Amino acid sequence: EPEVTQTPSHQVTQMGQEVILRCVPISNHLYFYWYRQILGQKVEFLVSFYNNEISEKSEIFDDQFSVERPDGSNFTLKIRSTKLEDSAMYFCASDGDSSYEQYFGPGTRLTVT
Amino acid sequence: AQKVTQAQTEISVVEKEDVTLDCVYETRDTTYYLFWYKQPPSGELVFLIRRNSFDEQNEISGRYSWNFQKSTSSFNFTITASQVVDSAVYFCALMSLKLTFGKGTLLTVNP
């Protein structure tokens, strides 16, 4: 069964550093999403992406964040200058036809020290 | 604004008991989707069900069943004859333009 993959599974970085989290959505999907989950809390929407542009973003998704689909397979989330409060699990998801059945990747745990 | 409320933070049951997880939502949209996801201790999010706002028919899938009541804006989830492997955090979510999650209910099923 096709699945969303994410790398790395765990990333440790120092405050102020840039990180790029990578996702490979399901190959024929067109809609892509990033979510984050601070430890012990709920999953929060960050951004949705369709047709090579952001279609929706939350107030969390400020200028420190950016997303890109650099080629036909990867979907990346970049955090320019990480803060301690960026420590969280980041989930990527994809959806084939806006049927709202989003398939989630296994997540990347980001730890900012 | 969208909001999902899962009033039960934690539930603990003994194996084989039935358990119902509550979900109440708020939205001004007439078209929306409701979801349940399971997050086991390993951390991944597992899709369980999707329901659209026009389909109030209840659904049963094995030991799982869902009760969607638009009149009370609720979408409750029942596990029948619970098992230890059901232990997880369960999230209810609402989708209009974006997916909004509730805070989750930690279900612990004890042997």
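As they're listed, the protein sequences go chains A and B. Heads up: the first sequence at position 80 corresponds to 981 in this note's numbering, and the numbers run straight through without jumps. Heads up: the second sequence at position 44 corresponds to 246 in this note's numbering, and the numbers run straight through without jumps. Don't be surprised by glycine CBs; every beta carbon is placed ideally from N, CA and C. It should be emphasised that the depicted structure is a prediction, and the values quoted were computed from it without experimental measurement.
Contact list for residue i against chain B, beta-carbon separation under 7 Å
{"i": "S991/A", "result": "The question names Ser, but residue 991/A in the sequence shown is Tyr. Within chain B, no residue comes near Y991/A; the closest Cβ sits about 11 Å away, beyond 7 Å."}
{"i": "G1008/A", "result": "G245, E246"}
{"i": "K984/A", "result": "What K984/A touches in chain B: nothing, since even the nearest Cβ is about 22 Å away."}
Cα-Cα separation between residue i and residue j, rounded to whole angstroms
{"i": "G941/A", "j": "V291/B", "result": "10 Å"}
{"i": "R252/B", "j": "W268/B", "result": "10 Å"}
{"i": "K240/B", "j": "Q210/B", "result": "15 Å"}
{"i": "V968/A", "j": "T977/A", "result": "5 Å"}
{"i": "G917/A", "j": "T229/B", "result": "38 Å"}
{"i": "D987/A", "j": "D963/A", "result": "12 Å"}
{"i": "L922/A", "j": "T908/A", "result": "7 Å"}
{"i": "N953/A", "j": "I213/B", "result": "42 Å"}
{"i": "Y1004/A", "j": "K305/B", "result": "19 Å"}
Cβ distance (whole Å) where residue i is taken to contact residue j below 8 Å
{"i": "S255/B", "j": "T274/B", "result": "At roughly 14 Å, the Cβ-Cβ gap does not stay under 8 Å, so S255/B and T274/B are not in contact."}
{"i": "P903/A", "j": "I939/A", "result": "Incorrect: roughly 29 Å between the Cβ atoms, too far for contact."}
{"i": "R937/A", "j": "A989/A", "result": "4 Å"}
{"i": "S284/B", "j": "V311/B", "result": "5 Å"}
{"i": "L301/B", "j": "D288/B", "result": "With a Cβ gap of about 23 Å, L301/B and D288/B do not count as contacting."}
According to DSSP, residues forming a beta bridge with residue i
{"i": "M990/A", "result": "Q938/A, R1010/A"}
{"i": "E957/A", "result": "S949/A"}
{"i": "V286/B", "result": "For V286/B, which the question treats as bridged, DSSP gives no partner whatsoever."}
{"i": "V905/A", "result": "DSSP output for V905/A lists no bridge partner at all."}
Same chain only: Cβ atoms within 6 Å of residue i, ignoring 5 sequence neighbours per side
{"i": "S276/B", "result": "V226"}
{"i": "R1010/A", "result": "H911, M990"}
Beta-carbon contacts of residue i that lie in its chain and below 8 Å, excluding the five residues immediately before and after
{"i": "T280/B", "result": "D220, V221, T222, L223, Y266, S267, W268, N269"}
Under 9 Å from the C-beta of residue i: neighbouring residues of chain B
{"i": "E957/A", "result": "L299, K300"}
{"i": "K979/A", "result": "None at all; the shortest Cβ gap to chain B is about 20 Å."}
Cut-off 7 Å between Cβ atoms - residues of its own chain near residue i, not counting five sequence neighbours on either side
{"i": "E261/B", "result": "I251, S267, W268"}
{"i": "K984/A", "result": "M916, V1013"}
{"i": "P313/B", "result": "E217, V286"}
Cutoff 8 Å: residue i Cβ touching any chain E Cβ
{"i": "V913/A", "result": "Of the protein chains in the structure, A and B, none is chain E."}
Contact set between residue i and chain A, taken where Cβ atoms lie within less than 9 Å
{"i": "F293/B", "result": "K943, V944"}
Partner residues on chain A for residue i, Cβ-Cβ distance less than 8 Å
{"i": "G264/B", "result": "Going along chain A, no residue has its Cβ under 8 Å from G264/B, so there is no contact; the nearest lies around 18 Å."}
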